[in-house]
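So the mapping is simple: the working numbering equals the position in the sequence shown, first residue as 1, plus 12.
All residues carry an ideal CB built from backbone N, CA and C; glycine is no exception.
Fair warning: this is a prediction, and the values are worked out from it, not measured in the lab.
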Amino acid sequence: MPEIIKPDLSGVRRINVVGSSGSGKSTFSNALANILQVRHIEMDALFWGPDWHWPSDEEFFGKLRAAVSKENWVLDGNYNRTIDIKWEEVDMVVWLDPGFPTTFFRSVKRAFKRSLTREEIWEGTGNRESFRKSFFSNDSIILWSVTNFRSIRRKYEALSVEEKYSHIRFVRLKTPSETEAFLKIVREHHKPASDKPALTA
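In structure tokens:
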């Protein structure tokens, strides 16, 4: 079964952070990457092109392969069809699973804020949320979050115990307090060392 809270990052160079929309993947991944002083790769930023362009798999996979070819990184995102690429050499998967009420509240709050401020979501894309797109569209991220929450949980429950991925360290964080505790432990124990090939805890 996955580890619950105490992170062992010895020998870890590549981490994939996964979870439902609203689970806090980007915020957590950015914080973790900053602590470890490695690259933070956001899969949504790789995927979405200007004006919400939906790329072909060939285009997307090419960008992903180039991004994960680097030595050290924290990769933020699911995209189930990319598992064979992103998990080929991944050392740890951190699954943020704070529960449906938390993820739903965060998704609504984020969508409302983005729709109100009209902030650009990924630099250079011009992509912005709107109230219509966020709350009254079949493409709504809130609707996606509601309809996919259970299937995402079942998927990672199964993958975390699959023999094929037994070489990967799975860490499942079920509450915001566990997430904060994880980052705190990493912050207290990680000693940056640019001449070492692996992250240390």
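| Sequence-distant residues of its chain with Cβ nearer than 8 angstroms to P188 (five each side left out) | For the purposes of this step, residue 188 is taken as the residue at position 176 of the sequence shown. For P188, where only same-chain residues beyond five positions count, the Cβ hits under 8 angstroms are G36, P110 and T114.
- Message: Give me the DSSP bridge partner(s) of G61.
- Response: Locating residue 61 in the sequence shown gives position 49, counting from the first residue. Beta-bridge pairing links G61 to H65.
Environment of A45 [buried if 16+ CB atoms lie within 10 Å]: Residue numbering aside, residue 45 sits at position 33 when the sequence shown is read from its first letter. Buried: at least 16 other Cβ atoms inside 10 Å.
Problem - Ordered list of alpha helix (DSSP H) runs contained in the stretch 115-174, each at least 4 residues - result: 143-147 and 153-171
Three-way DSSP call (helix, strand, coil) for L108 in this model:
The sequence position of residue 108 within the sequence shown is 96, counting from 1. In the structure shown, L108 sits in a strand (DSSP, three-state: E or B).
| task | For E70, count neighbouring Cβ atoms within 10 angstroms of its own Cβ and tell me buried if that reaches 16, exposed if not. | result | If you number the sequence shown from 1, residue 70 lands on position 58. Looking at its Cβ environment, which holds fewer than 16 other Cβ atoms inside 10 Å, E70 is exposed.
So I180 is in the alpha helix (DSSP H); what residue range does that whole segment cover?
Walking along the sequence shown from the start, residue 180 turns up at place 168. Element bounds for I180: n/a, residue is neither H nor E.
- [ ] Could you tell me if D20 is buried or exposed, where buried requires 16 or more neighbouring beta carbons within 10 angstroms of its beta carbon?
- [x] Mapped onto the sequence shown, residue 20 falls at position 8. Counting Cβ neighbours within 10 Å, D20 comes out exposed, since fewer than 16 surround it.
Is the distance from the Cβ of N42 to the Cβ of V102 below 7 angstroms?
In the sequence shown, counting from the first residue as 1, residue 42 sits at position 30. In the sequence shown, counting from the first residue as 1, residue 102 sits at position 90. In this structure, V102 does not lie closer than 7 angstroms to N42 by Cβ.
Check: Any idea what DSSP makes of N46, helix, strand or coil?
Finding: Counted from its first residue, the sequence shown places residue 46 at position 34. Reduced to three states, the DSSP call for N46 is helix.
**Prompt:** R25 lies in the beta strand (DSSP E); which residues open and close that run?
**Reply:** As a position in the sequence shown, residue 25 is number 13, starting the count at 1. Per DSSP, R25 belongs to no beta strand (DSSP E) and is neither H nor E.
Whole-Å CB distance - R51 paired with W107, under 8 angstroms assumed:
Your numbering for residue 51 matches position 39 in the sequence shown. Your numbering for residue 107 matches position 95 in the sequence shown. Not quite, the Cβ-Cβ distance comes to about 21 angstroms (not below 8 angstroms), so this is no contact.
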